[in-house]
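**Student:**
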Amino acid sequence: MRFAVKFVITALLSLGLSTVVAAESNQESIPQPINVRTFQVILSHDEPENDEVGKLQYRGGLDLRARDPRFGGLSGLDISPDGRQLISVTDRGNWFTAQLNYNRDGRLVGMSDTIMMPIRAANGTPLTSRADRDAESIMRLSDGSLVVGFERHHRLHRFTAPGRAAQPFDYPAALRRSPNNGGAEAVTRLGSTQLLILSERLETNPGIATGWIGAGKSWHSVGLRKTGIFHPVGAATRDDGSVFLLERRYTAIGGIAVRISRVPPDDISPGAIFQGIELGELAPPMVADNFEGIAVRRGKPGETLIYVVSDDNFHSLQRTLLLMFSLAE
């Protein structure tokens, strides 16, 4: 009898486990709410009243904190045209989505409806290995689907929505020559069909970050002329074709700094070597952290809104920050 009971229990557990595995493998991820606390960020404690960074005007920032061990490592960033929805990916293979909140003056003051869910492989299973799950960039195609760039196992995948299974997406074969931790950090759309990809650490020539523009099986080399030791870690495209770059540098003495720059649409073409026009640089004593994601959208007439997010590397001494700036043109 005891054996029979054990057999029945084992069979039921196995059946239940099989059902869970099947559901986990074949269905999209179920959104999992996560409690994220937000704290206002001052641009500079040395000059609390200062809201200017070069040509940029600071429009509010959030320090994001959560006890959930999955939270952190935010790398890529997508913001909806109305500024309400945020989508990000983490370098441990998760999606993070949220609704953004603003005050009457349009300053970023909070977020709600915070959700996490695993990034899924083509077969529907969550990405688990370190080499496969290191998501670093995200961009939205004209049909609304999302393209995510991965490092270590360098590649791009398309997703119809967060939580859905990955679909194949073409990328230049030369991307696979990128250093292990220096691949497709900067990926953005050019026009309705083409992409711009910049490798963080791959250099064809000294001081020139290797990149490509194209789509499908047709890719052409381009290069970003780097400023000093800044490396490209993010890219986003405005509706007029201007590309906004996020570049980062680190030194033992100076610490972390990031610069935000803009590349005019006509500067990017097959074979071109281009350089961003600096808009602003974040460096101590201003707020500075490991910023890796950038998104842009239109604000009121003549205004561009720029968002950047930082990757805390799941380290207690670093922070997950979301900052917003405006550019008047």
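If you number the sequence shown the way my numbering does, the last residue is 422 and the count never jumps.
Heads up, the beta-carbon is just placed ideally off N, CA and C, and yes, glycines get one too.
None of the values given here were measured: they were computed from a predicted structure.
With DSSP run on the structure shown, which of helix, strand or coil describes A267?
**Tutor:** Reduced to three states, the DSSP call for A267 is helix.
**Student:** Using a 10 Å radius around the Cβ and a threshold of 16 neighbouring Cβ atoms, would you call G176 buried or exposed?
**Tutor:** So G176 counts as buried.
**Student:** Classify D171 as helix, strand or coil using the three-state DSSP reduction.
**Tutor:** If DSSP states are grouped into helix, strand and coil, D171 belongs with the strands.
**Student:** Kindly indicate which residue of G166, L420, E296, R342 has the alpha-carbon position closest to the one of Q411.
**Tutor:** Here the closest residue by C-alpha is G166.
**Student:** Would you list, in sequence order, the uninterrupted beta strand (DSSP E) runs of no fewer than 3 residues that lie entirely inside the segment 340 to 396?
**Tutor:** Qualifying beta strand (DSSP E) stretches, in chain order: 348 to 356, 370 to 375, 384 to 391.
**Student:** Looking only at its own chain, which residues have a Cβ that is under 6 Å from the Cβ of F243, when we skip the five neighbours before and after it?
**Tutor:** The answer, listed in chain order, is D227, A228.
**Student:** Identify, in the order they occur along the chain, each residue of the same chain with its Cβ nearer than 8 Å to the Cβ of T413, setting aside the five sequence neighbours on each side.
**Tutor:** D156, L157, R158, F164, G165, L167, V402, S403, D404, D405, listed in sequence order.
**Student:** Please report the residue range of the alpha helix (DSSP H) in which D225 lies.
**Tutor:** Residues 223 to 226.
**Student:** How far does the beta strand (DSSP E) with N298 in it extend, from its first residue to its last?
**Tutor:** Looking at the DSSP string, the run of the beta strand (DSSP E) that includes N298 is 287 to 298.
**Student:** Return the first residue and the last residue of the beta strand (DSSP E) that I306 is part of.
**Tutor:** It spans 301 to 308 - the beta strand (DSSP E) in which I306 sits, taken as one unbroken run.
**Student:** What residue range does the beta strand (DSSP E) around F243 cover?
**Tutor:** Element bounds for F243: 239 to 243.
**Student:** Would you give the residue range spanned by the beta strand (DSSP E) that Q178 belongs to?
**Tutor:** 178 to 183 is the extent of the beta strand (DSSP E) around Q178.
**Student:** Using only CA atoms, which one of H408, F407, R390 lies nearest to Y400?
**Tutor:** Checking every option, the nearest Cα to that of Y400 belongs to R390.
**Student:** Could you please give the first and the last residue of the uninterrupted beta strand (DSSP E) stretch that includes G201?
**Tutor:** It is Leu, not Gly, that sits at residue 201 in the sequence shown. From DSSP, the beta strand (DSSP E) with L201 extends over 201 to 211.
**Student:** By the three-class DSSP mapping on this structure, what secondary structure does G284 have?
**Tutor:** The answer is coil: DSSP assigns G284 none of H, G, I, E or B.
**Student:** Straight-line CA distance for E374 to V146?
**Tutor:** If I take the Cα positions, the gap works out to 7 Å.
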